[in-house]
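Residue numbers (my numbering): -6 to 370. By construction, the Cβ of each residue, glycine as well, lies at the ideal position given by its N, Cα and C atoms.
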Ligand SMILES: Cc1cc2nc3c(=O)[nH]c(=O)nc-3n(C[C@H](O)[C@H](O)[C@H](O)COP(=O)(O)OP(=O)(O)OC[C@H]3O[C@@H](n4cnc5c(N)ncnc54)[C@H](O)[C@@H]3O)c2cc1C
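Structure follows, in structure tokens:
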């Protein structure tokens, strides 16, 4: 292998085995002004100035997580979606996440005081969403906005420094608005081009990914791990290859097989994953849509169970934040199982204990005079 450093110096490296793990980089859409005036999810973490009014283009977990924290720190945020949110995840859950994202962020200004404390407290004190027109109006006026069924057409930099984004809607009409920051999260491409893999005979698929079996490519002494693995070509196919712990585990097992006495191979099936949107969502296994497609609707049963997280219980005494009129349903057979709602008295007891512990900690950590005042209060 020939390695070239930043100064252009070439070094020839020989080895028995090579592992390709260059990961992926965000993709830009092919529209005027995208590369010149917009950023990606990689850049959002190294901005030198606050993002201001932000447009996030995309509806993947990367897009929604970024929109969640940008709005969470107080910036006007809009998400532009082409089709569905969180493609590949259970769509009923995805809807709940985006509905909550909009609702919660809309209501956050009422908790201005908590924003000056910590994120955890903000979450505790966020009012329970209640599905009524008032909240909807409030959402439209103050919450995270969702522009649905739209694709960006062009981005132009104005004299003010703002970016004017023009987009096309599904019905063919177009619209535009100005933003301080436009962030694309429309997918990532594996960094396999420009490495000369073709010279080594490694087959790279049209999606820039590499077909592997037990991390081995079509060239026996060349392996691949991480985001460059083509999950669709695994047996069984997996859409959870692009996760840090998956790359780490695959690498560990490969090293043990190559240089130790290991024999275990990586199992890419049933990898649990979490989406860190304001309403966090964890999933493991097939989304309902894929289960129906794979096994047929008649062969699967769906159980729903709703409960309110303990941390929401005391500040929001409504019994169930779920906007679904039927809290527990079964699609196919009518045989339902319900998870018990957390006991309100237990919640109250725990919260009182927490409040006492917090007061105690606060008192201990304050100067004596202030502590005395607090104790008397
Ligand atoms: C916004 C965002 C949020 C995410 N959140 C999560 C999460 O919560 N949980 C989770 O599990 N996963 C998350 N992921 C996915 C996770 O980051 C990736 O799956 C993981 O980093 C893949 O590891 P990797 O080793 O394949 O690639 P990377 O971590 O991308 O590492 C590749 C390295 O190779 C280097 N490189 C590239 N080309 C070359 C070359 N030609 N020569 C030498 N070096 C090269 C790169 O500079 C980089 O350092 C997230 C991804 C994004 C974008």
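Anticipated Cβ contact below 8 Å, residue i with residue j, distance rounded
i, j, result
"residue 251", "residue 218", "Going by Cβ atoms, the distance from residue 251 to residue 218 rounds to 12 Å, so no, they are not a contact pair."
"residue 281", "residue 89", "Residue 281 to residue 89, Cβ: 13 Å. No contact."
"residue 261", "residue 224", "7 Å"
"residue 155", "residue 171", "4 Å"
"residue 169", "residue 158", "6 Å"
"residue 12", "residue 3", "Actually they do not touch by this definition, with Cβ atoms about 21 Å apart."
"residue 221", "residue 14", "7 Å"
"residue 259", "residue 249", "Wrong, their Cβ atoms sit about 11 Å apart, outside the cutoff."
Closest residue to residue i among the options (Cα-Cα distance)
i, options, result
"residue 191", "212, 41, 53", "212"
"residue 21", "179, 258, 200", "179"
"residue 264", "253, 258, 276, 255", "276"
"residue 205", "229, 45, 187", "229"
"residue 38", "26, 24, 58, 25", "58"
"residue 140", "17, 51, 208, 306", "51"
"residue 150", "26, 255, 237, 10", "26"
"residue 199", "210, 185, 233", "185"
"residue 235", "6, 23, 257, 53", "53"
"residue 226", "201, 41, 193, 237", "201"
"residue 36", "18, 46, 254", "18"
"residue 68", "137, 78, 197", "137"
"residue 82", "279, 300, 294, 285", "279"
"residue 207", "152, 8, 197, 245", "245"
"residue 231", "294, 283, 7", "283"
"residue 66", "257, 256, 43", "43"
"residue 295", "285, 304, 302", "285"
"residue 70", "55, 46, 87", "46"
"residue 87", "306, 274, -1, 302", "274"
"residue 371", "152, -1, 148, 16", "Outside the shown range of the chain, which is -6 to 370, sits residue 371, and nothing can be said about it."
"residue 183", "306, 189, 16", "16"
"residue 233", "5, 1, 80, 40", "80"
Checklist line | Segment contact flag, the stretch 138 to 153 with the stretch 161 to 169, C-beta cutoff 8 Å, min 3 pairs | finding: Yes, the stretch 138 to 153 touches the stretch 161 to 169.
Next item on the list: Give a yes or no on contact between the stretch 66 to 74 and the stretch 261 to 281, applying the rule of three or more CB pairs nearer than 8 Å.
Entry: A contact is defined here as three or more CB-CB pairs under 8 Å, and the stretch 66 to 74 fails this definition with respect to the stretch 261 to 281.
Note to self: Using 8 Å as the cut-off, can you tell me whether the stretch 42 to 62 makes contact with the stretch 207 to 223, which would need three or more C-beta pairs spanning the two stretches below that distance?
What the structure shows: Contact check between the stretch 42 to 62 and the stretch 207 to 223: fewer than three CB pairs, one atom from each, fall below 8 Å, which does not count as touching.
Next item on the list: Would you check if there are 3 or more beta carbon pairs closer than 8 Å linking the stretch 23 to 35 to the stretch 169 to 186?
Entry: The stretch 23 to 35, when compared against the stretch 169 to 186, does touch it at the 8 Å Cβ threshold.
Checklist line | Continuous alpha helix (DSSP H) assignments of at least 4 residues falling wholly in the stretch 204 to 274 | finding: The stretch 204 to 274 contains these whole alpha helix (DSSP H) runs: 237 to 252.
Next item on the list: Could you tell me which uninterrupted beta strand (DSSP E) segments, each at least 3 residues in length, are contained entirely in the stretch 14 to 100, listed from first to last along the chain?
Entry: For the stretch 14 to 100, whole beta strand (DSSP E) runs of length 3 or above, ordered along the chain, are 17 to 19, 47 to 50, 70 to 73.
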